[in-house]
């Protein structure tokens, strides 16, 4: 069979499975998830063996040890993956929730009820744990899932999906509800992006270039996730100690994640007092500052920033920095260079906080708090499939309800329209 | 200037206007809408004059009188358009609504708040009243709007937009928040479909071919609306009188709209009793039935149905009809041929109703009620921008809240992540 036929077979099987899975209530879905968790632990030797092949191939290909560590699975890590699946089973089921409802003046009973989306495609990189995490979240929310991971993890992903399917086969959830997109070529990813009518939504999880290419090429609706050029704006009325602790936390506590800060903006009126201390604190935290001219006046170690620096999602111990003349200039800077993820203001002024919150157009706005809190776990969602930076359907951390649509149901007694 | 430059100028102006409009509270938006309504009435002579030019051109082009009637504006119709704008002003403002909120365990105050989408593009056909209706709904929900109507109504639309802009100029809502896409060529519509980054969402309003071409060509996220191949399924346990009245209402009360029924499915066990009466009632209502072999056995006037008939959105006094052997077969038929708009079951069986509601995958499912109730007005929304048949963001009738996104706001006291 050709790669296209292979893909269509898998996608149609997922679609059929979705129609069986969608109306299932919570109990059989939770049982299925626990069966998956048990199977992953019981068959961890198979997983470790398949993973060793991926690791060997990566090492032969000269992949860095840091990347290899992200790829590697051992029994401890597999137990953690299984534990995460059990946690998803514990979460409330979003399906069936009545979102709105009323009795209309004519007596029709109207309800808007959460239903699964149908078939969700996930395109992702690196870590094979995403294979299981994403599948668990999709199943729990009543969706079938088509997984397209990195070719570097293809052996691991193949075994993980086979184990999940085997476990599901003994449950009410159809085994075909979890599928790995066959093939490792660029073409197989394209199939998934063009499967309008078979796939209801595509969620890319990975770096900016992966996400951009999916957005450009996909005819299936996409939920953009995760690119974060987050700003910390230190207002004229900021408390200096608060600003310093938020800045260092947002930048350096975990620089490799999308909710880490990438740009510091400082109001001109406080720059003289704040910047010398901030630059020292950043230096002590190992951070390289890429500053505009007005920032460079306050520190010898500041590298000259180019315009690219202000667009950058470093994901490293680097930060761009600029001095602005007003809160509105800070907002304009964020609108121009930001990615619409999370932007923070540090201020004691109620008026400044209100204005910043009202005019910054991002998924999350933090007032006197680190940008690092934009996270499904921190928000209390229990699990997160990604952080949406688009405005349609879902914006910000996406939990289980964001993996659903709704259906209107109205019930009458022979009602006709006059 | 080239057409591309013309378009970009207009789109950028709309985007700038959106940043001013988004944080405005309800009062200035309502004042602006009332100013628009007043101006439309006061300047109706200008509108009638521009409209006469469109009508003359249409007549010279040999357009049917029915189409010309849809195009025509007179003072009475302009007053109705203005009244609709005043009604939108009376509706609650969705912007600022707190959708969810809590205090997190660490004391952070978390709020998810409705915010405008930004810039909404509307591509539509025929009636010039859509120009004003769509603009009013977008402004009320804090969005700027780029309007791309039919070239047949270009003179009318140009004057309507100019009058709205003139009225807005004296209010807090920027005049540039309402814009007509310049030019009448196919290219000008394409500009709008490719304006990713400038336009946040595109809503096509019109027939299936318009909607499909927008879905295919657009890189801007699209909300599909309005194609309705709605089904009435008469279950084995149906009350015959109820089934007849729902069928005739759904098909014949207003056949030109998307929530009218286009296909009748009848359970085999009730076909012998129901179909002879149904075919007579449909004939009396002037409806032509396109039936499968088992339907044709019950009536001499039934035309043989092709597979296309079961896909068709007739929007006329025609209906496709088939006999099915089970409720599940009816659902499979709806999944295969339907458009995911509205499907109705007529049954006395609670079990059948539950199964139909659970397994039909459409924006709305009606139980013992006509499909004609799927409508923003009937649902109590007060206004409707269209009926979404897609699953992401909005599904079913779209009112003002469906023209918004959300923003997460969290407020702390120097909170950092440990």
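Protein chains in written order, with the UniProt record's numbering: chain Z, 1 to 418; chain X, 1 to 418. Glycine is no exception: its CB is placed at the ideal position from the N, C-alpha and C atoms.
What residue 370 of chain Z touches in chain X, judged by beta-carbon distance under 7 Å, is 415, 416, 417, going in chain order.
Beyond the five residues adjoining it in sequence on each side, residue 316 of chain Z comes within less than 7 Å, by CB distance, of 255 in the same chain, given in chain order. Judged by pairs of C-beta atoms under 8 Å, the stretch 213 to 222 of chain X does not touch the stretch 231 to 242 of chain X, as fewer than three such pairs exist. For residue 232 of chain X, the beta-bridge partners assigned by DSSP are X/264, X/344.
DSSP places residue 115 of chain Z in the uninterrupted beta strand (DSSP E) bounded by 109 to 116. Around residue 253 of chain X, the beta-carbon contacts reaching into chain Z at under 9 Å are 416, 417, 418. By the criterion of at least three beta-carbon pairs nearer than 8 Å, the stretch 273 to 292 of chain X is in contact with the stretch 318 to 330 of chain X. For residue 241 of chain X, the closest C-alpha among the options X/274, X/149, X/252 is that of X/274. Under a 10 Å Cβ-count criterion, residue 336 of chain Z is classified as exposed, with fewer than 16 other Cβ atoms of the shown protein chains found around its own Cβ.
Proximity of residue 378 of chain X to chain Z, defined by a Cβ-Cβ separation below 8 Å, is satisfied. The three-state secondary structure of residue 355 of chain X, taken from DSSP, is helix.
Residue pairing for residue 318 of chain X: DSSP places it in a beta bridge opposite X/288.
Just measuring C-alpha positions, the residue of X/57, X/26, X/44 sitting nearest residue 94 of chain X is X/26. DSSP lists X/291 as the beta-bridge partner residues of residue 304 of chain X. Restricting attention to beta strand (DSSP E) runs no shorter than 3 residues, the stretch 146 to 222 of chain Z encloses them at 178 to 180, 201 to 205, ordered along the chain. If you draw a straight line from the Cα of residue 112 of chain X to the Cα of residue 104 of chain X, it is about 13 Å long. Taking 8 Å as the cut-off, the Cβ atoms of residue 146 of chain Z and residue 238 of chain Z do not count as close. For the pair residue 126 of chain Z and residue 73 of chain Z, the Cα-to-Cα distance works out to about 12 Å.
For residue 120 of chain X, the uninterrupted beta strand (DSSP E) segment begins and ends at 119 to 124.
With a beta-carbon spacing of about 6 Å, residue 59 of chain X and residue 68 of chain X fall inside the 8 Å limit used to define contacts.
Annotation for residue 369 of chain Z: the continuous beta strand (DSSP E) segment containing it runs 364 to 369.
For residue 392 of chain Z, a Cβ of chain X is located within less than 8 Å of the residue's own Cβ.
As computed with DSSP, residue 407 of chain X is found in a beta bridge with X/113. The residues 146, 192, 199, 202, in chain order, have a CB closer than 6 Å to that of residue 121 of chain X in the same chain once the five nearest residues on each side in sequence are set aside.
Spatial neighbours of residue 344 of chain X in its own chain (CB-CB distance under 6 Å, excluding positions within 5 residues in sequence) are listed in chain order as 232, 366, 371. Cβ neighbours of residue 174 of chain X within its own chain (closer than 6 Å, five residues either side excluded): 17, 20. Inclusion of residue 36 of chain Z and residue 85 of chain Z in the CB contact set at 8 Å is warranted, their separation being smaller than that value. In this structure, the straight-line span from the alpha carbon of residue 92 of chain Z to that of residue 153 of chain X is close to 51 Å.
Rounded to the nearest whole angstrom, the CA to CA distance from residue 247 of chain X to residue 115 of chain Z is 27 Å. Under DSSP, the beta-bridge partners assigned to residue 323 of chain X are X/266. Here residue 413 of chain X carries a strand assignment [DSSP, helix/strand/coil]. A direct Cα-Cα distance of roughly 12 Å separates residue 416 of chain Z from residue 410 of chain Z. In this structure, the beta-carbon distance from residue 166 of chain X to residue 39 of chain X falls below 8 Å. Shown here for residue 133 of chain X: same chain residues with a beta carbon closer than 7 Å to its own, the five before and five after excluded, namely 84 in chain order. Look at residue 394 of chain Z here: in three-state DSSP terms it is coil, with no helix or strand label. Against chain Z, the CB of residue 16 of chain X has no partner CB under 8 Å away; the residue lies outside that interface.
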